[in-house]
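One structure below.
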Amino acid sequence: EYVLVNPAAILRDVKEPPPREGREDFTDEDLMTYFAALPQAQEPRPFLYWIPRIMAYTGMRLGECSQLRKQDLREAMGLRVLDLNTEDGKTLKNPASRRQVPIHPRLVELGLLEFIDASPEGYLWPEKYRATDNPARQDSDRLSSLLGRFLRRSGVVDEKKTGAHSFRHTVSTRLKDASVPEYQIADLV
């Protein structure tokens, strides 16, 4: 009885598509074009080579990739996996994000295991691409912007195709197309 008029009534409706409808999967051509535009693994910034490929073959989130440490490469049930955890102050989106992601054979062919084995202990990528002091920004925003510029320069200009989320959707779609059960897809991504 203290407020006679609802102050929220002045707000206009916002058209917001469900998250899945707001993003598009990458095509094979998109991926080939994007990967060709990225620096090679031997460049001074190897994260520009590895992080997009890790996302493309695992469906991991950008923030998960950016926080990887050498010791997160582990063996589980006879497989090499990337262990997504909260050790050393790392953060995850939610409790279900804690998981072990098998390393795709193509990443092995490309040399990911050798790269990680040759890396010093600790985080694989520079701190400025995995953390920020700005509370208004996400930790991986700088990395997301950088990878997004490479994506657009490569010729992938569809605004519904974004570096981070489109990789996750692409992996999910391709697993569905391969008749992988939904619960297993959820466990992986």
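Here my numbering is used: position 101 in the sequence shown is 1130, and no number is missing along the way. The C-beta atom is built at its ideal place from N, Cα and C for all residues, glycine as well. Source: prediction; values computed, not measured.
Per DSSP, residue 1121 is not a residue of any alpha helix (DSSP H), being assigned neither H nor E.
Counting only runs of 4+ residues, the alpha helix (DSSP H) found wholly inside the stretch 1167-1209 occupies 1170-1182 and 1192-1206, in chain order. Taking C-beta atoms under 8 Å as the contact rule, residue 1081 and residue 1074 fail to qualify, at a distance of about 12 Å.
Rounded to whole angstroms, the gap between the alpha carbons of residue 1194 and residue 1085 is 10 Å.
Look at residue 1135 here: in three-state DSSP terms it is helix. Residues 1121 and 1127 of the same chain have their beta carbon placed closer than 8 Å to that of residue 1115, with the five preceding and five following residues left out of the count. For residue 1200 and residue 1088, the gap between their C-alpha atoms comes out near 5 Å. Under the three-pair Cβ rule at 8 Å, the stretch 1090-1109 counts as touching the stretch 1140-1151.
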